[in-house]
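Have a look at the structure below, then the notes.
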């Protein structure tokens with residue numbers, strides 16, 4: 078094994094999208110993702126997302142947990158918990174198990190909180206069609 | 011069997027005492043072996059290729075980082091074990107792999123703690139440590155999925171085995187790691203602005219972004235312009251370039267105090 082302290086497994090790796098760059102496209106990561114810059118497209122990680130106050134995301138997001146202090150234009154499908162800080166601006170639908178909102182945060186969209194997490198927020202339940210009785 | 015490659019600068023008289031101490035320590039540890047002296051007439055690759063014809067060799071480079079990089083690339087993908095006895099105080103490899111300089115490294119060679127390390131590939135060439143290029147003249151596509159558009163950064167460093175900084179490492183809350191992970195089959199892409207000296211004061215280096223990629227396509231923004239990419243601090247490759255992790259790995263002898 079290489080050094081225990083500094084070694085990061087691929088799933089723990091911490092991606093940092095800094096304020097000096099813009100990312101465009103489908104961004105997939107295994108580890109935690111910190112966004113301080115701009116991301117346009119889609120974002121998916123098996124770990125946590127931290128969107129700092131300088132960060133802007135125009136994308137649908139899938140993650141385990143999310144801490145939001147910046148701006149999002151897109152839907153959030155979060156497995157566990159979403160924390161909206163006072164500087165957060167979210168324009169899109171939210172689907173998560175736990176939601177905390179700090180005073181001052183802006184949320185403009187539909188919320189589905191609690192119960193079982195559905196990975197696809199757009200998934201629609203099929204309506205059962207029963208044969209009509211013609212009397 | 012141990013084979014020692016001595017760097018060309020070690021032929022100078024001032025290194026006689028250091029070499030004598032190293033050789034005495036190797037003999038007392040019972041790991042002395044055949045010695046090859048680098049010169050203008052014999053390259054590292056030629057020597058390593060000759061050693062590789064022997065059965066299960068252990069190749070030890072005595073000298074500087076650049077010679078070690080060349081030996082590592084020549085020995086990649088083979089069953090040979092590679093060690094390093096650094097003789098320069100400012101050796102970057104020594105710091106990363108936890109190797110003390112001069113004769114103190116002999117004990118680490120003797121302990122034979124071996125790690126399998128990745129190598130990187132840029133176009134048809136392999137690289138061991140990192141590549142560096144200017145950010146503002148290039149377009150970068152990662153893993154064929156997303157594009158990274160540099161806006162306020164100057165340099166991009168793609169790392170296989172190196173420190174996660176441009177010049178001097180310093181701790182920051184979002185940057186807990188000191189060095190790359192050369193075993194994860196991924197390359198670290200560090201973006202930022204290196205330290206600058208402006209008349210009477212210094213502007214500290216700024217690390218901005220860090221990505222983990224398997225493949226990176228680097229192109230010039232202008233079709234008629236070629237951007238120079240510095241490879242392992244001494245070679246250059248021109249754009250367009252495709253950078254990825256190579257299949258060939260290296261068996262390296264590392265120290266207990268390594269930081270990767």
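Chains as they are written, first to last, in this note's numbering: chain A, 78 to 212; chain B, 11 to 270. Using N, Cα and C, we set each Cβ at its ideal position, and we do this for glycine too. Note that the structure is a prediction, hence the values are computed from the model and not measured.
- Residue environment: residue 219 of chain B is assigned as buried (16 or more neighbouring CB atoms within 10 Å of its CB, all protein chains considered).
- For residue 118 of chain B, the enclosing alpha helix (DSSP H) begins and ends at 116-121.
- Here residue 19 of chain B is not bridged, per DSSP, to any residue.
- By the Cβ neighbour-count rule, residue 175 of chain A is exposed, with fewer than 16 other Cβ atoms within 10 Å of its own.
- If you draw a straight line from the Cα of residue 142 of chain B to the Cα of residue 185 of chain B, it is about 20 Å long.
- Between residue 160 of chain B and the set B/268, B/97, B/149, the nearest pair of CA atoms involves B/149.
- Listed in chain order, the positions of the stretch 186-209 of chain B with a beta carbon within less than 9 Å of a beta carbon of chain A are 186, 187, 188, 189, 191, 192, 193, 194, 195, 196, 198, 201, 202, 203.
- Residue range 124-132 is occupied by the beta strand (DSSP E) that includes residue 126 of chain B.
- Its chain contains 247, 251, 252 as the residues whose beta carbon lies nearer than 8 Å to that of residue 133 of chain B, once the 5 sequence neighbours on both sides are disregarded; these appear in chain order.
- Around residue 101 of chain A, the beta-carbon contacts reaching into chain B at under 9 Å are 156, 157, 158, 159.
- The stretch 118-128 of chain B makes no contact with the stretch 218-236 of chain B: fewer than 3 CB pairs, one atom from each, lie closer than 8 Å.
- The beta carbons of residue 149 of chain A and residue 172 of chain A sit about 13 Å from each other, so the pair does not count as a contact at 8 Å.
- If you draw a straight line from the Cα of residue 77 of chain B to the Cα of residue 33 of chain B, it is about 19 Å long.
- Looking from the CA of residue 123 of chain A, the closest CA among A/106, A/182, A/181, A/152 belongs to A/106.
- Our two residues, residue 101 of chain A and residue 241 of chain B, have alpha carbons roughly 27 Å apart in a direct line.
- At a cut-off of 9 Å, the C-beta of residue 221 of chain B has a neighbouring C-beta in chain A.
- In terms of CA proximity to residue 151 of chain A, A/170 leads the group A/129, A/97, A/170, A/109.
- Between residue 186 of chain A and residue 164 of chain A, the CB-CB gap reaches or exceeds 9 Å.
- Chain-order list of chain B residues neighbouring residue 104 of chain A: 155, 156, by C-beta distance under 8 Å.
- For residue 245 of chain B, same chain residues with a beta-carbon under 6 Å away, outside a window of 5 residues either side, do not exist.
- The contact set of residue 59 of chain B on chain A, defined by CB atoms closer than 9 Å, is empty, because the minimum CB distance reaches about 28 Å.
- For residue 230 of chain B, the uninterrupted beta strand (DSSP E) segment begins and ends at 225-230.
- Short of 7 Å from the beta carbon of residue 88 of chain B, and not among the five residues preceding or following it, lie these beta carbons of its own chain, in chain order: 62.
- The beta carbon of residue 166 of chain A sits closer than 6 Å to the beta carbons of 148, 183 from its chain, once the five residues preceding and following it are set aside; these are given in chain order.
- If you check the CB distance, residue 79 of chain B and residue 38 of chain B do not come in under 9 Å.
- For residue 163 of chain A, there are no neighbours in chain B by C-beta distance under 9 Å, as the nearest C-beta there is about 20 Å away.
- With fewer than 16 other CB atoms across the displayed protein chains lying within 10 angstroms of its CB, residue 27 of chain B is exposed.
- In the structure shown, residue 142 of chain A adopts extended strand secondary structure according to DSSP, grouped into three states.
- In this chain, the alpha helix (DSSP H) harbouring residue 80 of chain B covers 75-85.
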